[in-house]
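The sequence shown: position 31 = 48 (this note's numbering), numbered continuously.
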Amino acid sequence: MSESIINRKQFQQLYRKDFAIEPMAEDLILKIGEDFFYRLTDMATDAAAAREGGNIEIEDFKIILEKYWDIRVPEFEREDSLRPTRRNASRKGREEKARKAYNTRAK
18 MSESIINRKQ
28 FQQLYRKDFA
38 IEPMAEDLIL
48 KIGEDFFYRL
58 TDMATDAAAA
68 REGGNIEIED
78 FKIILEKYWD
88 IRVPEFERED
98 SLRPTRRNAS
108 RKGREEKARK
118 AYNTRAK
């Protein structure tokens with residue numbers, strides 16, 4: 018980890034010029050980003066090894082991002098992979114219960 022993924026100058030180009038970020042805050046953000054990148058790559062490598070793949074594929078990153086950080090990247094989605102998630106299924110159940118309760122009270 019001797020070479021940084023993004024240097025301070027590149028980072029400073031990402032935020033608005035009318036804001037100033039303290040040097041310690043910059044260091045913290047850069048460190049968190051770097052740690053995230055290395056952890057994500059390491060976990061994706063493990064996922065590829067678990068499926069006995071020779072390469073890390075986008076699916077490996079997608080699985081790790083969704084499972085551990087609840088991050089969904091729209092560019093990763095394909096039409097054939099659109100499926101309801103547990104969150105959507107539980108939300109639909111709650112909506113249905115609320116609808117039934119409302120209809121019961123309305124009568």
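Glycine included, C-beta positions come from ideal geometry on N, C-alpha and C.
Residues in the same chain with beta-carbon distance under 6 Å from residue 58, minus the five sequence neighbours each way, listed in chain order, please. none
Which class does residue 114 belong to by DSSP, given the choice of helix, strand or coil? helix
Three-state secondary structure (DSSP) at residue 108? helix
What are the start and end residues of the alpha helix (DSSP H) that includes residue 55? 40 to 67
Taking 8 Å as the limit between beta carbons, can you name the residues of its chain near residue 81, skipping five residues before and five after? 57, 60, 61 and 64
Residue 92 to residue 83 span [Cα, whole Å]: 13 Å
Let me know the secondary structure DSSP gives residue 126 once reduced to three states. This structure cannot settle anything about residue 126, because the visible part of the chain is limited to 18 through 124.
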